[in-house]
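Numbering (the numbering used here), first residue to last: 148 to 300.
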């Protein structure tokens, strides 16, 4: 299967080696790399290819420090992918599912310990994603919080 995290150059290595010490925001294949780097399996979506289509995405409002602070639930997201992290192989011991579609596909996840490692399957930069700019700003706040607690004065 072409176009998988295995084809992404040093992306998997970047996630495992730099992720614990540097904030990472994975988009589309970036989320797939995060999932695979921590033990998940990336597979073809059971619902086929989705390119340039909007979907409602729901997120777990009980989780603090996610990309979705102050964003309506659900929200519209622009999707451009044919692969997803397989739900049955999702590495729940290291990652947590943060967002999903109506049909249960994983749309966002983050690391349980290194909460500055987060990723989304959809494209926040797409005009289809109604709250994309706010998501990026929320990740910047996550970075600022990480740096404030981990950098020497």
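Virtual Cβ for every residue (Gly too), placed ideally from N, Cα, C.
With a threshold of 16 other CB atoms inside 10 Å of the CB of residue i, please say whether the residue is buried or exposed.
| i | result |
| --- | --- |
| residue 238 | buried |
| residue 232 | buried |
| residue 206 | buried |
| residue 263 | buried |
| residue 186 | exposed |
| residue 168 | exposed |
To the nearest angstrom, how far is it from the Cα of residue i to the Cα of residue j?
| i | j | result |
| --- | --- | --- |
| residue 281 | residue 236 | 30 Å |
| residue 210 | residue 229 | 28 Å |
| residue 203 | residue 296 | 34 Å |
| residue 272 | residue 177 | 14 Å |
| residue 161 | residue 286 | 18 Å |
| residue 226 | residue 278 | 14 Å |
| residue 251 | residue 164 | 30 Å |
| residue 212 | residue 222 | 18 Å |
| residue 248 | residue 201 | 11 Å |
| residue 267 | residue 284 | 14 Å |
| residue 197 | residue 269 | 10 Å |
| residue 188 | residue 216 | 28 Å |
| residue 289 | residue 193 | 32 Å |
In terms of alpha-carbon separation, which member of the options lies closest to residue i?
| i | options | result |
| --- | --- | --- |
| residue 258 | 176, 272, 184 and 160 | 184 |
| residue 224 | 290, 265 and 255 | 255 |
| residue 253 | 289, 166, 190 and 171 | 190 |
I'd like to know if residue i contacts chain D, where contact means its C-beta is closer than 9 Å to some C-beta of that chain.
| i | result |
| --- | --- |
| residue 290 | Going by chain labels, chain D is absent from the structure shown, which holds only one protein chain. |
> Which runs of the beta strand (DSSP E), 3 residues or longer, sit entirely within the region 238–288?
Replying inline: 242–248, 253–258 and 264–267
>> In chain order, what are the residue ranges of uninterrupted beta strand (DSSP E) at least 3 long that sit wholly in the region 166–216?
In response: 171–174, 189–191 and 197–206
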